[in-house]
Each structure stands twice: as C-alpha cells, then as structure tokens.
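Heads up, the thing below is written out as structure tokens.
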Amino acid sequence: MTKTPNPSIGNGGEPHQRADGEERVLTTNHGVPISDNQNSLKSGARGPTLIEDFVLREKIFHFDHERIPERIVHARGSGAHGVFEATDDISDLTRAAVFRHGEKTEVFARFSTVAGGSGSVDTPRDVRGFAVKFYTDEGNWDLVGNNIPVFFIQDAIKFPDLIHAVKMEADRGYPQAGSAHDTFWDWASLSPESTHMLMWAMSDRTLPRSLRMMEGFGIHTFRLVNAEGVSSFVKFHWKPRLGVQSTIWDEALKLQAADNDYHRRDLFEAIDSGSFPQWDLGIQVFDQEFADAQPYDVLDATKLIPEEDIPVRLIGTMTLNRNVDNFFAETEQAAFLPSNVPPGIDFSNDPLLQGRLFSYLDTQKSRLGTTNFHQIPINAPRCPFGNFQRDGMMQTNVPNGRANYEPNSLAAHGEEGGPRESMDGFSTTNAVTGPDEMGDKLRVRPESFSDHYSQARLFYRSQDPHEQAHIASAFVFELSKVGLLDQVPPRMVANLRNVDEDLAKRVAKGLGIDLPAKAKAAKDPVDMDPSDALSIHKNMKPTLEGRAVGILIADGTDAVALDKLIAAIAETKGKSVIVAPRVGGAKLSNGKQRKADGQLAGTPSQLFDAVAIIVSDEGCAALMQESAAVEFVMNAFGHLKAVGASEAAQPLLDKAGVEPDDGILGIDGAFVKAAAMRFYDREPSVRMLA
Ligand code: HDD
Numbered sequence: 001m002t003k004t005p006n007p008s009i010g011n012g013g014e015p016h017q018r019a020d021g022e023e024r025v026l027t028t029n030h031g032v033p034i035s036d037n038q039n040s041l042k043s044g045a046r047g048p049t050l051i052e053d054f055v056l057r058e059k060i061f062h063f064d065h066e067r068i069p070e071r072i073v074h075a076r077g078s079g080a081h082g083v084f085e086a087t088d089d090i091s092d093l094t095r096a097a098v099f100r101h102g103e104k105t106e107v108f109a110r111f112s113t114v115a116g117g118s119g120s121v122d123t124p125r126d127v128r129g130f131a132v133k134f135y136t137d138e139g140n141w142d143l144v145g146n147n148i149p150v151f152f153i154q155d156a157i158k159f160p161d162l163i164h165a166v167k168m169e170a171d172r173g174y175p176q177a178g179s180a181h182d183t184f185w186d187w188a189s190l191s192p193e194s195t196h197m198l199m200w201a202m203s204d205r206t207l208p209r210s211l212r213m214m215e216g217f218g219i220h221t222f223r224l225v226n227a228e229g230v231s232s233f234v235k236f237h238w239k240p241r242l243g244v245q246s247t248i249w250d251e252a253l254k255l256q257a258a259d260n261d262y263h264r265r266d267l268f269e270a271i272d273s274g275s276f277p278q279w280d281l282g283i284q285v286f287d288q289e290f291a292d293a294q295p296y297d298v299l300d301a302t303k304l305i306p307e308e309d310i311p312v313r314l315i316g317t318m319t320l321n322r323n324v325d326n327f328f329a330e331t332e333q334a335a336f337l338p339s340n341v342p343p344g345i346d347f348s349n350d351p352l353l354q355g356r357l358f359s360y361l362d363t364q365k366s367r368l369g370t371t372n373f374h375q376i377p378i379n380a381p382r383c384p385f386g387n388f389q390r391d392g393m394m395q396t397n398v399p400n401g402r403a404n405y406e407p408n409s410l411a412a413h414g415e416e417g418g419p420r421e422s423m424d425g426f427s428t429t430n431a432v433t434g435p436d437e438m439g440d441k442l443r444v445r446p447e448s449f450s451d452h453y454s455q456a457r458l459f460y461r462s463q464d465p466h467e468q469a470h471i472a473s474a475f476v477f478e479l480s481k482v483g484l485l486d487q488v489p490p491r492m493v494a495n496l497r498n499v500d501e502d503l504a505k506r507v508a509k510g511l512g513i514d515l516p517a518k519a520k521a522a523k524d525p526v527d528m529d530p531s532d533a534l535s536i537h538k539n540m541k542p543t544l545e546g547r548a549v550g551i552l553i554a555d556g557t558d559a560v561a562l563d564k565l566i567a568a569i570a571e572t573k574g575k576s577v578i579v580a581p582r583v584g585g586a587k588l589s590n591g592k593q594r595k596a597d598g599q600l601a602g603t604p605s606q607l608f609d610a611v612a613i614i615v616s617d618e619g620c621a622a623l624m625q626e627s628a629a630v631e632f633v634m635n636a637f638g639h640l641k642a643v644g645a646s647e648a649a650q651p652l653l654d655k656a657g658v659e660p661d662d663g664i665l666g667i668d669g670a671f672v673k674a675a676a677m678r679f680y681d682r683e684p685s686v687r688m689l690a
C-alpha cells in the first residue's frame with residue numbers, strides 16, 4: 001500500500017527535504033543572496049570586524065547552536081530506513097493495520113549502545129538498543145527494545161539509579177561506555193533482581209559482530225487486541241536473517257582501536273551496497289491461564305518465556321533498504337516513544353513499561369526543545385493527523401480557521417470544524433485480568449517478582465562450555481576493574497552462588513578471592529529445563545553472507561589463486577577485502593598491479609570474519625619483517641577464525657604462533673566453508689579463561 005503525503009508536514013508532505021545537487025545561490029537563512037562566504041566584513045583590510053556583518057553573525061550564531069543534548073542513555077546510535085511487510089494473517093489476534101496480511105509499512109530503525117556518549121566507540125561490552133518506528137496507517141508504533149530479552153530492573157523507579165551507576169563516574173568522568181567500574185558493580189551487587197540480565201550482559205550477546213546479526217526483543221509483555229476487543233498477551237522478537245553472531249572480548253577490544261565506527265560503518269556500507277539487512281518479526285502469544293501457570297510473573301521484565309514453552313511465530317519481515325540522507329536530521333532527531341501504539345496493540349501492567357510510557361515523551365522535550373517534536377519529518381506520522389493542540393515553540397503547521405477547541409458547532413455555519421473522534425480509534429483494553437492488578441494503593445513489589453535467580457541459572461546452564469567460560473571470564477574482567485570498593489566483588493560472587501556454584505567458584509578463583517558465603521535469596525531458585533534458543537553457539541548460521549574475508553597479499557602473489565578465492569567467496573555471498581602492505585597494492589605473479597582495499601597497517605584482521613594469506617616465498621619473506629602482518633595472522637588465530645594460507649605462507653604462520661587445527665587450511669573450498677565459522681575448541685590454546 002502506498003502512503004499518501006502528509007499535509008501536516010511543513011514541506012508539503014515530503015517526508016524528506018532533500019538538498020539535491022542542482023546549482024543554487026547561497027543565501028542567508030532569510031533568503032538574502034550571499035556574495036562572499038569566505039571573508040568577514042572589516043573596517044579596512046586589517047581592521048576590526050564590524051557587528052553589522054549579518055552574514056558572519058548568522059553563520060556563527062547557527063553554528064554555536066548546532067548541538068542538542070544527547071540522549072541520557074543510548075546516545076550513540078546508527079539508523080536506517082526500511083519497510084516492514086506483514087507475512088501472516090493474525091487478524092484473529094489484532095486489528096492493527098500494520099499486521100494486515102501483505103501490508104507494507106515504512107519503518108525507521110535505530111540501534112544503539114546504552115552507556116557511552118554519542119561520540120563513543122561502537123564495540124564496548126554493552127547492551128544494544130533495537131528501536132523501530134513503524135509509520136502505520138493508524139499512527140506510529142514504536143517498538144523500543146534491546147538485543148537482550150530481559151532487563152536489569154523490575155520497576156521504572158530504579159532506572160535513574162541504574163543509569164547513574166553505569167555511566168561514567170560522577171566525580172572523575174570515566175570510564176566512558178563501559179560497565180567495568182566501581183559504581184556499576186556496587187549497584188549491581190546490591191540489586192539481585194539484575195542477576196539474570198547480568199548473565200546476558202556478561203555473555204557474548206553484548207559483543208555483537210554486526211548490528212545486522214543481533215536479535216531484538218520488545219522485552220515487556222504487551223497485548224494484542226482484535227476487532228472484538230479480545231486481548232492476548234504477546235512478546236515481540238526480531239530474528240536476524242544473517243543469524244546471531246558475536247565477537248569475542250579480545251577481538252572487541254582490538255576493534256575499538258581498529259575502527260571506532262565499526263558497527264555504524266558496517267550497517268551503512270551494507271545498505272549502500274544493496275545488501276539489505278533483514279529481520280523476521282516473531283511473536284509469543286499466550287493467555288492469562290498460561291501466565292498464571294508459570295513460576296515467574298509475565299509482568300516482570302527480568303523474566304523471559306522460553307521459546308521451548310511458547311514457540312516464536314514469525315509474522316513479518318523488516319528490510320532496511322535506505323541509509324539516512326542526514327545523520328542529525330534523521331538519526332539524531334528520531335524520537336521513539338513506547339507509548340506510541342496504534343489500535344490493536346496495548347500495554348500490560350509491567351511496572352517497568354508503565355514508567356517508560358511517561359519517560360520517553362518527557363525526555364524529547366528536553367532533547368528536541370519543543371512539544372512539537374512530532375512535526376520533525378523523521379518523527380511525523382505518514383498518515384494524516386490532526387487535533388486541537390496548537391502553537392508552542394517551532395510550530396511549523398499553519399492551521400486554518402477558528403476551530404481550536406472541541407466540541408464546536410462551527411461546521412453548522414459553514415466553517416471548518418476540525419477533526420472528530422472515531423469509534424475505531426484507540427481504546428484501552430480492560431487491563432484487570434490477573435490477580436493483584438487492582439486494589440489498595442501500595443508501594444510494593446509483588447511476591448511473584450521475588451525469584452531473582454532461577455532464570456539466571458536457566459540462561460547459564462543453556463550455554464555451551466565455551467559460552468560459559470566467556471561469561472565467567474567477563475565477570476572476572478569486570479570485577480577486576482572494581483578498584484576502591486573491596487566489598488563489591490565478594491558480594492557479587494555471593495549472589496552468583498545462587499545461580500551456579502561452579503560459576504561462582506570460577507569467578508572467585510579468577511579474582512583470587514575466597515568463595516564468600518552464599519547470599520540469602522528472597523526466594524530459592526528452581527531448576528528450569530535448559531533452553532537451546534538462549535545459546536548463540538547452538539544456533540550459529542554457517543554462512544558467509546554479510547561477512548568479510550580479509551585476503552593478505554604481497555608482491556608475487558599468485559594471481560590465479562587470488563581470483564579463484566575471490567570468486568568462491570562471492571559465490572557464498574561473502575565479501576573479499578584485499579589487504580597489502582602498501583596502499584597501491586601489490587604486483588602479482590602475472591606482472592599486473594592489484595589494488596588493495598586496505599593498507600595492512602590500518603586494516604587489521606579483527607575487521608574480518610576469516611583471513612587468507614596468499615603469498616609467494618618472496619612475498620612471505622617481506623611480510624615476516626612487518627609486525628602488522630604477524631599480528632594480522634596471530635590475531636585471526638587468537639580470535640578463533642579460519643586461516644587459509646598458501647604453502648609459501650607457512651613461515652609467517654609459524655612466526656605468528658599458528659598451530660594446526662580444523663580452521664587452519666589451504667586456499668581451497670574447504671577454507672571458504674570454514675570461513676563462515678569460529679573454532680572455539682582452539683581457545684584454550686590461545687588464552688586462559690576463567
Ligand atoms: Fe529506555 C532511550 C530501550 C527502559 C528511559 N531506551 C532508549 C532507547 C532504547 C531504549 C533502545 C533509544 C531509543 C532511540 O534510539 O532513540 N529502555 C529500553 C528498554 C528498556 C528501557 C528495552 C527496558 C525494557 N528506558 C527504560 C526505563 C526508562 C527509560 C525504565 C525510564 C524510566 N530510555 C529512556 C529515556 C530515553 C531512552 C531516558 C533516552 C533517549 C530517549 O529515551 O528518547 O527516556
């Protein structure tokens with residue numbers, strides 16, 4: 001379905017005011033043509049600048065105000081436009097137009113880190129935001145989630161404390177974009193409800209390989225409401241078509257040095273090259289009877305519903321197919337509000353969600369400066385919209401007539417009476433369905449929210465041994481950065497004893513502390529059946545699609561072998577990136593110069609999913625003198641990647657400490673297959689894990 005232009009937008013309904021390349025006269029903001037934009041107006045060639053110079057003053061005045069407050073959380077983000085197509089008929093569950101079978105809806109998605117400022121790096125250990133704005137025919141729906149299906153806290157009133165604790169410390173202004181510091185772990189160790197989320201945060205989920213390879217989750221229980229007003233509970237999931245993939249910690253650290261914009265660049269370049277990332281939207285639908293039968297509360301955002309209990313039903317696909325034209329106008333000014341729901345989607349009483357319904361509307365006023373932020377093109381609905389709200393800062397609408405109140409009878413006099421309420425409009429579902437959902441005013445946490453450890457245990461025990469080792473090691477690393485507060489690491493380990501004794505022992509050993517007494521749990525944890533869906537490794541997609549192989553060449557590289565490898569990689573939809581010691585590339589065996597995509601010194605192997613080294617004896621000898629070449633191979637090996645090498649490259653592999661295993665191959669089909677995988681069994685030979 002094509003969308004009609006929105007007459008409420010100041011630029012005549014075009015969602016974007018594009019600046020095209022046609023030659024136009026440079027003017028002031030008020031349209032006065034400018035004859036000299038390079039020199040300010042002075043009294044004499046070397047004299048003082050005149051205040052009369054409105055060209056200078058306007059230019060500097062505007063520049064002085066070009067920044068707006070960054071988001072208090074999720075300040076660093078990357079966005080893209082796309083389309084959502086509903087692929088299943090769920091009209092029995094919801095009347096939302098966005099889910100009409102075959103319906104196509106424009107979307108804007110923004111992915112973010114949480115703790116760092118807008119200029120921070122892309123690859124810290126951090127949760128990723130996964131926010132999608134659907135411009136539906138019935139108004140905007142914002143699904144503002146994360147790449148992890150649970151959250152740190154159960155009640156919105158704790159959010160400012162969580163965020164103050166995790167962001168840079170108040171007095172010293174560091175660390176930026178990381179949780180490995182005193183205040184975060186002080187707070188976390190005193191907040192047992194965060195334990196489940198901490199297990200996810202310490203897993204490789206917080207080290208995504210690409211924004212295109214992350215799952216997304218709406219987290220809260222929401223409601224779907226059908227045309228008869230009957231509601232069902234629902235949890236939303238995004239499943240990436242490229243599979244879920246993460247980096248490992250050492251790789252993430254080195255990525256920070258290699259490319260601060262690793263994820264932003266990856267997303268932009270993928271879309272730019274026509275390789276459009278896709279996610280399937282899935283739902284877990286359940287009723288009150290199911291909710292009542294669970295050992296956890298579905299209104300508690302620190303809990304998930306195992307996919308083995310309620311399978312995820314795929315109902316649509318999102319394709320991101322257009323980069324933003326302007327980062328500030330679109331990505332920075334995008335305002336997401338969990339309170340944006342169209343008819344057919346509704347909230348539950350999850351107290352975290354309820355608090356969010358207020359916070360996001362409120363924050364936009366301080367970030368974007370006006371209650372009219374919804375008129376900014378990236379935020380404006382694509383369907384017609386209007387009401388009797390008027391005026392305010394930066395009002396860009398020019399409503400006609402006298403109708404700015406309601407009810408009115410102006411139409412009876414032939415005047416414009418304005419919009420009317422609709423019987424089909426949003427109506428709130430009767431929210432009282434479960435026990436304790438109405439009654440006395442109480443400032444309490446329900447008893448059903450008191451089990452903080454069972455699902456943390458479920459998550460840990462659902463991981464494979466490599467993933468468990470990564471979690472234990474991440475706890476050790478993070479807690480090792482707690483500098484001044486000696487009481488914090490033992491207190492955290494005391495909590496972990498409720499999750500898994502072995503995990504607690506590994507962390508204590510890694511920290512070199514005695515195993516503390518087990519923390520008293522508000523409710524004793526129970527063993528749940530492990531869920532394979534929670535593991536990345538058990539669900540790895542063996543594909544090179546969307547991935548890149550770095551091919552290191554040097555003078556004398558076999559031209560035929562190189563072309564053959566590039567063709568084989570392209571066949572699997574992978575990308576080849578040629579790396580050479582010099583910017584100009586290398587002279588191949590056929591005497592021809594082959595241009596490189598990246599110079600070795602600035603293109604380390606952490607940027608790739610696998611590496612190949614195709615060199616002659618002469619080329620290998622030259623690379624042996626380059627520490628960057630040795631590190632290229634050493635890090636690929638250390639980051640558990642496939643390494644394909646021509647025979648002549650062996651001395652370089654030896655110098656880099658590469659030992660034979662299933663991932664160390666020649667330059668052939670077996671390498672291309674292996675390039676899509678990671679070799680976790682290699683890890684104990686390259687680093688000591690907890
Ligand atoms: Fe939040 C931004 C996700 C709890 C208050 N949040 C923000 C963004 C994402 C999330 C993805 C960035 C949106 C964008 O790209 O602009 N937040 C979550 C999730 C939560 C959550 C998945 C729990 C399930 N948030 C949460 C609570 C509060 C907030 C409990 C406050 C009570 N969040 C905010 C905020 C932000 C925000 C301060 C900062 C910028 C913005 O809203 O627009 O209002």
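Under UniProt numbering, the first residue of the sequence shown carries the number 1, and numbering increases by one thereafter.
We put the CB at the ideal spot given by N, CA and C, even for glycine.
Since the model is a prediction, treat every value here as computed from it, not as a measurement.
Proximity to residue i [Cα-Cα], best of the options
i    : options                : result
W200 : D171, V234, H374, V150 : V150
F130 : L640, E193, L224, F236 : F236
L565 : N29, Q294, A411, A645  : A645
D280 : D662, R71, F99         : F99
D662 : G229, A380, Y680       : Y680
H220 : E330, P338, A559, R390 : P338
G102 : S91, A109, D287        : S91
A554 : A649, K538, F477       : A649
E447 : L665, D300, V132, Q389 : D300
G139 : L588, P48, G425        : G425
Separation of residue j from residue i, as counted between CA atoms
i    : j    : result
P525 : P377 : 49 angstroms
M1   : K104 : With a pLDDT of 36 at M1, under the threshold of 50, the modelled position of this residue cannot be trusted; read the value that follows with caution. If I take the Cα positions, the gap works out to 6 angstroms.
Q468 : R461 : 8 angstroms
G584 : Q606 : 22 angstroms
A676 : D325 : 33 angstroms
K586 : D654 : In the sequence on display, residue 586 carries Ala and not Lys. Approximately 23 angstroms, taken between the alpha carbons.
M423 : E85  : 27 angstroms
G386 : P419 : 7 angstroms
V127 : T429 : 32 angstroms
G574 : G546 : 6 angstroms
N397 : N372 : 10 angstroms
G619 : K641 : 23 angstroms
K254 : G638 : 12 angstroms
A567 : P343 : 50 angstroms
F632 : P604 : 6 angstroms
I345 : T87  : 18 angstroms
D53  : P33  : 14 angstroms
Y174 : V121 : 14 angstroms
V312 : P306 : 10 angstroms
S576 : F608 : 9 angstroms
D500 : H470 : 15 angstroms
A533 : A548 : 26 angstroms
C383 : A97  : 12 angstroms
L552 : D259 : 19 angstroms
Cβ distance (whole Å) where residue i is taken to contact residue j below 8 angstroms
i    : j    : result
D297 : F459 : About 17 angstroms separates the two Cβ atoms, so there is no contact after all.
A472 : A610 : With a Cβ gap of about 27 angstroms, A472 and A610 do not count as contacting.
T557 : I614 : 5 angstroms
S118 : M492 : Contact flag wrong, Cβ pair sits at about 30 angstroms.
A494 : A522 : Their Cβ separation, rounded to whole angstroms, is 14 angstroms, which puts A494 and A522 out of contact at 8 angstroms.
I68  : R367 : 6 angstroms
G178 : P124 : 5 angstroms
Residue i at chain C interface by Cβ criterion, 8 angstroms
i   : result
F84 : The structure shown contains no chain C; it holds only a single protein chain.
Proximity test, residue i beta-carbon vs the ligand SAM heavy atom, cut-off 7 angstroms
i    : result
I664 : By its list of ligands, the structure shown excludes the ligand SAM, since it contains just the ligand HDD.
Problem set entry | Start-end ranges of the alpha helix (DSSP H) lying completely within the region 322-399, minimum 4 residues | Taking only runs of at least 4 residues, the alpha helix (DSSP H) segments lying wholly in the region 322-399 are 351-368.
For this session: Please go through the region 244-306 and give each complete alpha helix (DSSP H) segment of 4 or more residues, from N-terminal end onward.
Result: Every alpha helix (DSSP H) of 4 residues or more that sits fully in the region 244-306 is shown, in chain order, as 249-258, 262-272, 288-293.
Exercise. Hey, which unbroken runs of the alpha helix (DSSP H) at 4 residues or more fall wholly within the region 640-668?
Worked result: Those alpha helix (DSSP H) runs which fall completely within the region 640-668 and span 4+ residues are 650-655.
Exercise. Taking only runs of the beta strand (DSSP E) that begin and end inside the region 583-636, which ones reach a length of at least 3 residues, in chain order?
Worked result: If we require 3 residues or more, the beta strand (DSSP E) runs fully inside the region 583-636 come out as 610-614.
Problem set entry | Minimum length 3: unbroken beta strand (DSSP E) runs contained in the region 82-106 | Restricted to the region 82-106, not a single beta strand (DSSP E) segment is unbroken, complete and at least 3 residues in length.
Problem set entry | Minimum length 3: unbroken beta strand (DSSP E) runs contained in the region 194-251 | Within the region 194-251, the complete beta strand (DSSP E) segments at least 3 residues long are 222-225, 231-240, listed from N- to C-terminus.
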